[in-house]
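**Q** Each residue of the sequence shown is one higher than the last, beginning at 562 in the working numbering.
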Amino acid sequence: MARPINPSSSKTASPDFQKSATLLHRITALAIAFIAFPVFTLWLFSVASSPENYAFFLHYMVHAADKNSFAFSVNILSRIIGVGLTWCFFYHVMASIRFNALKGSRNPSLKESHGFYSAMSMIALLITFLVWALILLR
Numbered sequence: 562m563a564r565p566i567n568p569s570s571s572k573t574a575s576p577d578f579q580k581s582a583t584l585l586h587r588i589t590a591l592a593i594a595f596i597a598f599p600v601f602t603l604w605l606f607s608v609a610s611s612p613e614n615y616a617f618f619l620h621y622m623v624h625a626a627d628k629n630s631f632a633f634s635v636n637i638l639s640r641i642i643g644v645g646l647t648w649c650f651f652y653h654v655m656a657s658i659r660f661n662a663l664k665g666s667r668n669p670s671l672k673e674s675h676g677f678y679s680a681m682s683m684i685a686l687l688i689t690f691l692v693w694a695l696i697l698l699r
């Protein structure tokens, strides 16, 4: 009877796209936790406190009419951050689906794993684009 192979001594290395997918999954989680959650909390406080505070929040974060004002600059920056956070959210969700689906598969081939990673990334981009198209075109 042969001795069992020690898995830590095997020379199988994870491909670069899997390492980058894992790293990006963690970075998107940090962005959601440290940027999106505080902005969402600020929005909740502005809604709960008074109509004036909510109007102030909307003026700076959503729609500033005067294009030569500081609020307009903050508005552009908040939209850029919003698009990034929306992508972070959808990427994180899709990566979670990918990780759980591949965990259920016994030994996915490298081609299958890479294809799933590419599809997941494209779907996250597509959903982000659709969400922001709905936001900006309404």
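Where a beta carbon is used, it is the ideal one built from N, C-alpha and C, also for glycine.
1) Three-state secondary structure (DSSP) at ASP577?
2) Going by the C-beta, is ILE642 closer than 7 Å to any heavy atom of the ligand GTP?
3) Round the Cβ separation of CYS649 and ILE593 to the nearest angstrom and send it over; I've been treating them as touching at under 8 Å.
4) On the premise that HIS653 lies in contact with THR589, defined as a C-beta separation below 8 Å, what is that separation, rounded to the nearest angstrom?
5) Assuming PHE651 and THR602 make a contact with CB atoms under 8 Å, what is their CB distance in whole Å?
6) My parser needs the alpha helix (DSSP H) runs of 4 or more residues fully inside the stretch 607–634; what are they?
7) Anyone know if the C-beta pair for ILE596 and LEU646 falls short of 8 Å?
8) Use the C-beta contact count for VAL582: other C-beta atoms within 10 angstroms, 16 or more gives buried, fewer gives exposed.
9) HIS586 and ALA680 - do their beta-carbons sit closer together than 8 Å?
10) What number of angstroms, rounded off, separates the C-alpha of ALA616 from the C-alpha of VAL608?
11) Determine the extent of the alpha helix (DSSP H) in which ILE684 is found, giving its start and end residues.
12) What separation, rounded to the nearest whole angstrom, lies between the Cα atoms of ALA626 and SER639?
**A** To lay it out plainly:
1) helix
2) Of ligands this structure carries none, so the ligand GTP is not represented either.
3) Their Cβ separation, rounded to whole angstroms, is 6 Å, which keeps CYS649 and ILE593 in contact under 8 Å.
4) 4 Å
5) Their Cβ separation, rounded to whole angstroms, is 21 Å, which puts PHE651 and THR602 out of contact at 8 Å.
6) 612–622
7) yes
8) Going by the sequence as given, residue 582 is Ala instead of Val. Classification for ALA582: buried.
9) Going by C-beta atoms, ALA680 is not nearer than 8 Å to HIS586.
10) 9 Å
11) 671–698
12) 15 Å
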